[in-house]
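Here is the structure we will look at, set down as structure tokens.
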Amino acid sequence: MVEETRERIMEATYRALCEQGYAALTMQDIADECDCSKSLLHYHFDTKEDLLVALLAHLLERFEDRVPVDDGDPRGQLVELVELFVFGGDRDLDEHRAFNTAMLELRAQAPHNEAFRRQLAENDAHVHATVAAVVERGIETGAFREVDPERTAAHLLAAIQGARIRWITIGDDAALREVREALVSDVVDGWLVAG
Numbered sequence: 019m020v021e022e023t024r025e026r027i028m029e030a031t032y033r034a035l036c037e038q039g040y041a042a043l044t045m046q047d048i049a050d051e052c053d054c055s056k057s058l059l060h061y062h063f064d065t066k067e068d069l070l071v072a073l074l075a076h077l078l079e080r081f082e083d084r085v086p087v088d089d090g091d092p093r094g095q096l097v098e099l100v101e102l103f104v105f106g107g108d109r110d111l112d113e114h115r116a117f118n119t120a121m122l123e124l125r126a127q128a129p130h131n132e133a134f135r136r137q138l139a140e141n142d143a144h145v146h147a148t149v150a151a152v153v154e155r156g157i158e159t160g161a162f163r164e165v166d167p168e169r170t171a172a173h174l175l176a177a178i179q180g181a182r183i184r185w186i187t188i189g190d191d192a193a194l195r196e197v198r199e200a201l202v203s204d205v206v207d208g209w210l211v212a213g
């Protein structure tokens with residue numbers, strides 16, 4: 019597939035998924051968002067599932083391109099990652115909510131859908147490894163005290179995931195801000211910083 023076509027389809031799928039949610043999303047919705055025919059989508063992807071798995075892989079590529087592991091101050095990079103995961107980076111808050119709602123719906127399908135489960139596991143493993151690598155680099159440079167980078171990454175990511183779930187499912191609008199503040203103040207600048 020030509021990269022330009024793939025990018026156009028992925029961006030359209032992302033927008034349609036955020037707008038429609040997983041359950042209501044159809045190939046026609048994606049085609050309409052892409053301003054292409056449904057047959058073009060089916061030429062490249064047999065099913066909606068195939069297209070969504072490709073979108074998850076695309077999102078991982080975008081994350082990897084966006085987040086260098088070995089640049090800059092480990093503390094600053096870890097705070098940047100927390101803020102990216104909590105607030106969505108360049109997404110506005112409504113888009114971030116729609117995206118995380120759609121992702122929660124996809125995650126809910128994973129116990130029954132092997133393709134979703136495999137791709138979500140790959141995405142999660144890469145995100146976890148990125149956070150752990152930043153923590154490990156912080157230990158190596160003396161910015162962070164000696165900790166288990168894998169456990170620390172798991173702790174940070176679980177807190178963020180919990181805040182997003184509270185925000186999405188029960189409308190706890192303060193959850194994101196509170197968890198961001200707690201992670202930066204209590205974990206990164208408190209417990210983690212070498213002292």
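If you read the sequence shown in my numbering, its first letter stands for residue 19, the second for the next number, and so on.
Here a beta-carbon is modelled for each residue, glycine too, at the ideal position from N, C-alpha and C.
Treat the numbers as computed from the prediction; the structure is a model and nothing was measured.
{"query": "Would you call the CB atoms of E22 and A34 closer than 7 angstroms?", "result": "no"}
{"query": "Bridge partners for V211 per DSSP, in chain order?", "result": "F162"}
{"query": "Can you confirm whether the region 57-66 touches the region 100-112 when touching is taken to mean that 3 or more C-beta pairs between the two stretches lie within less than 8 angstroms?", "result": "no"}
{"query": "Cβ of A120 within 7 angstroms of Cβ of C36?", "result": "yes"}
{"query": "Return the Cβ separation of F117 and I178 in integer angstroms, given the expectation that the two are a contact with Cβ distance under 8 angstroms.", "result": "The pair is not a contact, with the Cβ atoms about 14 angstroms apart (cut-off 8 angstroms)."}
{"query": "What residue range does the alpha helix (DSSP H) around F11 cover?", "result": "Any answer about residue 11 is impossible in this case: the structure gives the chain only from 19 up to 213."}
{"query": "Using the beta-carbon count (16 or more within 10 Å), is E82 buried or exposed?", "result": "exposed"}
{"query": "Determine the extent of the alpha helix (DSSP H) in which P167 is found, giving its start and end residues.", "result": "167-188"}
{"query": "Would you check if the distance between the CB atom of E98 and the CB atom of G39 is smaller than 7 angstroms?", "result": "no"}
{"query": "Can you list, in chain order, the residues of its chain with a C-beta nearer than 6 angstroms to that of D47? Leave out the 5 residues immediately preceding and following it.", "result": "A34, Q38"}
{"query": "Please report the Cβ distance between R93 and V20, rounded to the nearest whole angstrom; I am assuming they are in contact, meaning their Cβ atoms lie under 8 angstroms.", "result": "With 8 angstroms as the limit, R93 and V20 do not qualify as a contact, their Cβ atoms being about 42 angstroms apart."}
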